[in-house]
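Going down the list, the protein sequences come from chains A and B.
FYI, our numbering numbers position 146 of the first sequence as 146, with every residue one higher than the one before it.
FYI, our numbering numbers position 49 of the second sequence as 622, with every residue one higher than the one before it.
Cβ atoms here follow ideal geometry from the backbone N, Cα and C, with glycine treated the same way.
Keep in mind it's a predicted model, so treat the numbers as computed, not measured.
Accompanying notes for the structure given below.
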Amino acid sequence: MTIAVSDPPARMTHGFDYTKLVLYGFALVLCVLIVLPMSWLVYYAFVDKDGAFTLRNFATLVNDPTLLDPLITTFTLAFSTSLICCVVAAPMGWLVARTDMPLRRTVRLLVTASFVTPPFLGAIAWELLAAPNSGLINKVYRIVTGADADSHLFNIYSFPGLIFVVTCYTFPYVFVLVANALERTPSELEDASSILGASTWETARRVTVPLVLPAILAGALVAFLQAMTLFGSPAILALPAGFHTMTTKIWSLFQYPPKPELAAAASLPLLILTVILLRAEHTILGRRSYAVLGGKNSDPRLIRLGWLRWVALAMCFIVLLNPVFLPYAALFNATFSKVASQFISFSNFTVHNIHFVLFELSATKLALYNTFVLGIATATIGTVIAVVISYLTTREAVTGHKALGFLATAPVAIPGIVLGVGLFLSYTRPPFVLYGTLWILLLAFLTLAMPAAYQQMQSAFKAIHPELEDASRILGATRLKALRQITAPLLRTSVIATWCFVFVGTIRELSAAVMLFTSETKVISVLIFDLNESGDLAAISVLGLIMLVVTSGIVALANRLRLGGGSVRLRDN
Amino acid sequence: MASVELRGLTKKYGSLAVVDDISMVIEHGTLVCLLGPSGCGKTTTLRLIAGFVEPTAGEIRVGDRVVSSPQKTLPPERRNMSMIFQSYALWPHMTVAENIIYGLKLRKIDSATIKKKLDDILSTTRLAPLAERYPGELSGGQQQRVALARALIVEPETLLLDEPLSNLDANLREEMRFEVRRLHDAYRYTTVYVTHDQSEAMTTADVICVMNLGKIEQSGSPEDIYDRPRSEFVARFIGMSNVVKGKALDSNRVSIAGVPLRVTGEPLKVGGDAAVSIRQHQIALLATEPADKDNIIPAKVIRQVFLGSSRDYMVEVADGTQLRIVTGAAESIAPGATVWLRLPPERCRALTG
Chain A
1 MTIAVSDPPA
11 RMTHGFDYTK
21 LVLYGFALVL
31 CVLIVLPMSW
41 LVYYAFVDKD
51 GAFTLRNFAT
61 LVNDPTLLDP
71 LITTFTLAFS
81 TSLICCVVAA
91 PMGWLVARTD
101 MPLRRTVRLL
111 VTASFVTPPF
121 LGAIAWELLA
131 APNSGLINKV
141 YRIVTGADAD
151 SHLFNIYSFP
161 GLIFVVTCYT
171 FPYVFVLVAN
181 ALERTPSELE
191 DASSILGAST
201 WETARRVTVP
211 LVLPAILAGA
221 LVAFLQAMTL
231 FGSPAILALP
241 AGFHTMTTKI
251 WSLFQYPPKP
261 ELAAAASLPL
271 LILTVILLRA
281 EHTILGRRSY
291 AVLGGKNSDP
301 RLIRLGWLRW
311 VALAMCFIVL
321 LNPVFLPYAA
331 LFNATFSKVA
341 SQFISFSNFT
351 VHNIHFVLFE
361 LSATKLALYN
371 TFVLGIATAT
381 IGTVIAVVIS
391 YLTTREAVTG
401 HKALGFLATA
411 PVAIPGIVLG
421 VGLFLSYTRP
431 PFVLYGTLWI
441 LLLAFLTLAM
451 PAAYQQMQSA
461 FKAIHPELED
471 ASRILGATRL
481 KALRQITAPL
491 LRTSVIATWC
501 FVFVGTIREL
511 SAAVMLFTSE
521 TKVISVLIFD
531 LNESGDLAAI
541 SVLGLIMLVV
551 TSGIVALANR
561 LRLGGGSVRL
571 RDN
Chain B
574 MASVELRGLT
584 KKYGSLAVVD
594 DISMVIEHGT
604 LVCLLGPSGC
614 GKTTTLRLIA
624 GFVEPTAGEI
634 RVGDRVVSSP
644 QKTLPPERRN
654 MSMIFQSYAL
664 WPHMTVAENI
674 IYGLKLRKID
684 SATIKKKLDD
694 ILSTTRLAPL
704 AERYPGELSG
714 GQQQRVALAR
724 ALIVEPETLL
734 LDEPLSNLDA
744 NLREEMRFEV
754 RRLHDAYRYT
764 TVYVTHDQSE
774 AMTTADVICV
784 MNLGKIEQSG
794 SPEDIYDRPR
804 SEFVARFIGM
814 SNVVKGKALD
824 SNRVSIAGVP
834 LRVTGEPLKV
844 GGDAAVSIRQ
854 HQIALLATEP
864 ADKDNIIPAK
874 VIRQVFLGSS
884 RDYMVEVADG
894 TQLRIVTGAA
904 ESIAPGATVW
914 LRLPPERCRA
924 LTG
């Protein structure tokens, strides 16, 4: 809208056109971001090398065992991960939310720590721990049992090893959903059962568990989705073991000689499955809303575990050994040890690795620079787009705002690797040749960040009663002035928090980046991935710890700013 | 001098007319209450007057200038109005004082005048000790007074109130009703007040407009509306009325349960269906058959409840129609007993709507 112009009719027409223009402008931006790469993806999946229509790509997908096996592997991986996640995380969520187990906050914090750990970093840390020969755990095993040099306790380069590592960094999704659902369930529902004569355990069984069942189910779907679309961990652990998942297969189809049509055809099932799973999750969680309804809620009553609470705590810490304590210890060890696979000792201690990574490794500087430039650009542009779109949709300022909201949330259904393929196909050909520049990475990161940023800002806008703006208007402020004096100050913390989360999500992104980088546009996550292939684990540990410190610092900052939209779901890759 | 006039005002969402061809004149300095159940279009009417909503048809005039019409709508900030919102809409990032002087700052008034006006309004609304607090630190009643102060300090031509008391508890609500009326008498703005609470409307309004389904059912003084309802909706919505139905015998007599009843109000069409309203406390309940048969209907007591200062009876007449009657507490008649109802002709209002 415009500021007062003397002639009212002119002012009105002007304002009208201006908002329409904004709508179309942003719709165009979103279309370029989402619709363009997805269209090229579908196009390539249905044509042969000469550009004629064909279904051969899909036939190859089903008939070629090197393509069919990864599909089966992926499903087995996703299903097992999802199952183990529920078995481990749901009881933990209940312990933290509803019992008098000691150190509940600490357990929560540690789960958050495994949440912010990029899964590919966790996978590398587990290489340090459980590679058959050099793994630290296997070394301890050989020393303790006196077994010969060839034997090992664990082999992380195996299918069970992959399931284990993926589960380590997926279970927080289930944990958070279950714990939040339990905390939001009014304890009156349980009190009502108690007053009718049910014992504590009976109430838990007949009321509490059925109430959180949808959350567990939704968590299982999310875990399935994460495991299915993950690229980093399988690339690090499955490739040395000699097998593929869908994501690594799609990636390898782009290695020499590239087969983009097959990659596109292989991406489509992933895309479609993701859409279906997200719809299912939405339906399940949507029906749960009754649990959140209903007036004043007191603090949930905690169930007394007696001496069992110490057992419960011990179990939690044993679980947390795997995603947090052991991997972090391994990374620290590798950082300060002369040889990554040896324990730190007085003779072995060194800070040379840090010096090497920061000052000698030529790729570091460029990757750090690229990562921060992209992180800041993505966070800033993404937040601005999210603010404008959520203003238009929550205040229903223009017709067509619903479509805009849909476009902004759509990328949530696009796995990073699929988006990478789509962007590669779109921008390696005229009219837009962006491949090899930072721009294509910016587009990828913006697209991936958009749903979370939009949801954040939308709930922030929803929390601001529209009457607050109306009150300012009726007292004489123009629309712009009301936005500046009333809405902007109230949104400030949400904007900063959103910026932080987009930034963090961007600097840890791997699956889209790995499809799109060139030697001049490497980012840290890609550099870590490269260094892993060359076996330079000490350098990875240094980079990984830098990344973890930056990430957790920013996450802590954003959490302190009290987010409007509850927990943010980071994307894993 | 600014009266507010609505001419054929209509607002449609799709095919649904939320406000349907409303016309009325609000004289300068009067307090008009838009009264009706939720969804009757009263808040939309208020937001049309404020300029937050553009009309589909009709126009709004303030004085002799058109402020709203389908062709052009003056934005809210240029109407010199003030509004008190249902949520109060106090800005949480500003103190009480900052909230109140916001409108004056927009008007570029010098700080000495602002200070004086602020002190005045703070003492009028008894908020002086709270000036530096934030809205989140105030009770509901205090927030309400800040909202009042913020709206009044700019001395608007027109003051709009959207269910301003609905978030307060019962005691405070009663107190604030008189406060609203007192402040209106003190400042004499043209005021439009939206509420669904009839006693709130009775206490505060000069003129009450009863709204239903986007239309004004009846408007008039509180006495008018209460004593002379024109439609069944108004009769039922305002006060507690019995509405009984029968056939018109002639222009002012209706046959109810076989008994001819004299009524007042608009002349009736002979032989047509007629509805008659009568207040619960205006029916006399007689335990013995009276000698004078004028406007007497026999009935049977279904139940009675003792309410301390009164008794609440439910009775049934010959055709099965049930009526509620409020009587004095003294006389108790057991359920099942036959009684005679005296319906004073001047209290039986023939309804047209």
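{"Query": "Candidates A:Ile524, A:Val388, A:Ala558, A:Tyr43, of which the one nearest Ala488 of chain A by Cα", "Result": "A:Val388"}
{"Query": "Length of the line joining the Cα atoms of Arg809 of chain B and Leu924 of chain B", "Result": "11 Å"}
{"Query": "is_contact[Phe658 of chain B, chain A] using C-beta, thresh 8 Å", "Result": "yes"}
{"Query": "Contact residues within the region 440–469 of chain A, judged by C-beta distance below 7 Å to chain B", "Result": "His465, Glu467, Leu468"}
{"Query": "According to DSSP, residues forming a beta bridge with Gly819 of chain B", "Result": "B:Ala847"}
{"Query": "Selected residue, minimal CA-CA separation from Met101 of chain A, among A:Met246, A:Asp48, A:Phe317, A:Ala238", "Result": "A:Phe317"}
{"Query": "Burial state of Pro638 of chain B, where buried means 16 or more other Cβ atoms lie within 10 Å", "Result": "In the sequence on display, residue 638 of chain B carries Arg and not Pro. Exposed is the call here."}
{"Query": "Val727 of chain B vs Arg680 of chain B beta-carbon contact at 8 Å", "Result": "yes"}
{"Query": "Simplified DSSP assignment, three categories, for Met887 of chain B", "Result": "strand"}
{"Query": "Gly544 of chain A vs Ile528 of chain A beta-carbon contact at 8 Å", "Result": "yes"}
{"Query": "Cβ neighbour criterion (16 or more within 10 Å) applied to Ala907 of chain B", "Result": "exposed"}
{"Query": "Alpha-carbon spacing of Thr437 of chain A relative to Ala630 of chain B, whole angstroms", "Result": "55 Å"}
{"Query": "Chain D within 8 Å of Pro665 of chain B, Cβ atoms only", "Result": "Given the protein chain composition of this structure (A and B), no chain D is represented."}
{"Query": "Close beta carbons around Val783 of chain B, own chain, < 8 Å, minus the five adjacent residues each side", "Result": "Leu608, Gly609, Ile789, Glu790, Gln791, Ser792, Ile798, Phe806, Val807, Phe810, Ile811"}
{"Query": "Euclidean distance between Cα positions of Arg477 of chain A and Met813 of chain B", "Result": "The displayed chain sequence assigns Ala, not Arg, to residue 477 of chain A. If you take the alpha carbons of Ala477 of chain A and Met813 of chain B, they lie about 44 Å apart."}
{"Query": "Short CB-CB distance (under 8 Å) between Pro118 of chain A and chain B", "Result": "no"}
{"Query": "Status (buried if at least 16 other CB within 10 Å, exposed otherwise) for Glu396 of chain A", "Result": "exposed"}
{"Query": "Between the CA atoms of Pro37 of chain A and Leu419 of chain A - distance to the nearest angstrom", "Result": "7 Å"}
{"Query": "Option in A:Leu28, A:Gly25, A:Ile34, A:Tyr24 with minimal Cα separation from Ala449 of chain A", "Result": "A:Ile34"}
{"Query": "Beta carbon of Ser494 of chain A nearer than 8 Å to that of Gln455 of chain A", "Result": "no"}
{"Query": "Residue environment, Cys168 of chain A, which counts as buried when at least 16 other CB atoms sit within 10 Å", "Result": "buried"}
{"Query": "Met92 of chain A versus A:Ile216, A:Ala52, A:Leu253, residue with shortest Cα-Cα distance", "Result": "A:Ile216"}
{"Query": "Beta-carbon gap between Cys606 of chain B and Asn785 of chain B smaller than 8 Å", "Result": "no"}
{"Query": "Residue burial classification, His757 of chain B (beta-carbon count within 10 angstroms, cutoff 16)", "Result": "buried"}
{"Query": "Within chain A, the residues that Ser655 of chain B reaches when beta carbons sit closer than 8 Å", "Result": "Ile474, Leu475"}
{"Query": "Secondary structure of Gly631 of chain B, DSSP reduced to three states", "Result": "strand"}
{"Query": "Chain B within 8 Å of Ser289 of chain A, Cβ atoms only", "Result": "Its pLDDT being 45, under 50, Ser289 of chain A is placed unreliably by the model, and nothing is read from it."}
{"Query": "Boundaries (first-last residue) of the alpha helix (DSSP H) holding Val514 of chain A", "Result": "513–516"}
{"Query": "Through-space distance from Arg761 of chain B to Thr731 of chain B, alpha-carbon basis", "Result": "10 Å"}
{"Query": "Simplified DSSP assignment, three categories, for Ser684 of chain B", "Result": "helix"}
{"Query": "Touch test, the region 169–187 of chain A against the region 209–224 of chain A, Cβ-Cβ under 8 Å, three pairs minimum", "Result": "yes"}
{"Query": "Cβ-Cβ distance between Ser905 of chain B and Arg884 of chain B below 8 Å", "Result": "yes"}
{"Query": "Proximity test, Cβ basis, 8 Å: Leu679 of chain B and chain A", "Result": "yes"}
{"Query": "Neighbourhood of Val878 of chain B by C-beta, 6 Å cutoff - its chain only, sequence neighbours within 5 removed", "Result": "Asp885"}
{"Query": "Strand pairing of Glu578 of chain B, partner residues [DSSP]", "Result": "B:Val598, B:Arg634"}
{"Query": "Any C-beta of chain A under 8 Å from that of Tyr760 of chain B", "Result": "no"}
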